[in-house]
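To keep things clear, I will list the structure first and then write my remarks on it.
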Amino acid sequence: MDSLRHQPLATWHCLAGQLTPEQIAFLWKCDRNPDHPAGPDAHRRGLVRQALMYSELGPGSLN
Numbered sequence: 712m713d714s715l716r717h718q719p720l721a722t723w724h725c726l727a728g729q730l731t732p733e734q735i736a737f738l739w740k741c742d743r744n745p746d747h748p749a750g751p752d753a754h755r756r757g758l759v760r761q762a763l764m765y766s767e768l769g770p771g772s773l774n
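So for the sequence shown, my numbering puts the first residue at 712; every next one is plus one.
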């Protein structure tokens, strides 16, 4: 898992195999409405960070 921190991830989908269905559904919901004030790339990076956090917390951690 630590090796993922040092590799740029294209999207949160790269981590989907480590997430619960509920976490994936939440990320899909956020991804449908990209509204980050700094633009689409900041939105993408934010969702990657969120997915990394979820994958580190383990199953069942939505927030």
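Every residue, glycine too, gets a C-beta built ideally from N, C-alpha and C.
Best match in the options for proximity to residue i [C-alpha to C-alpha]
i	options	result
Trp739	Pro748, Gly757 and Glu767	Gly757
Arg743	Glu767, Met764 and His754	His754
Span separating the alpha-carbon of residue i from that of residue j
i	j	result
Phe737	Leu730	11 angstroms
Ser766	Ala721	16 angstroms
Asp752	Gly728	22 angstroms
Pro745	His724	15 angstroms
Pro732	Ala749	28 angstroms
Extent of the continuous alpha helix (DSSP H) run through residue i
i	result
Asp742	Pro732 to Arg743
Asp746	First-last for Asp746: undefined, no H or E at that position.
Gln761	Pro751 to Leu768
As assigned by DSSP and simplified to three states, the class of residue i
i	result
Ala727	helix
Proximity below 8 angstroms, CB of residue i to CB of residue j
i	j	result
Leu763	Leu726	yes
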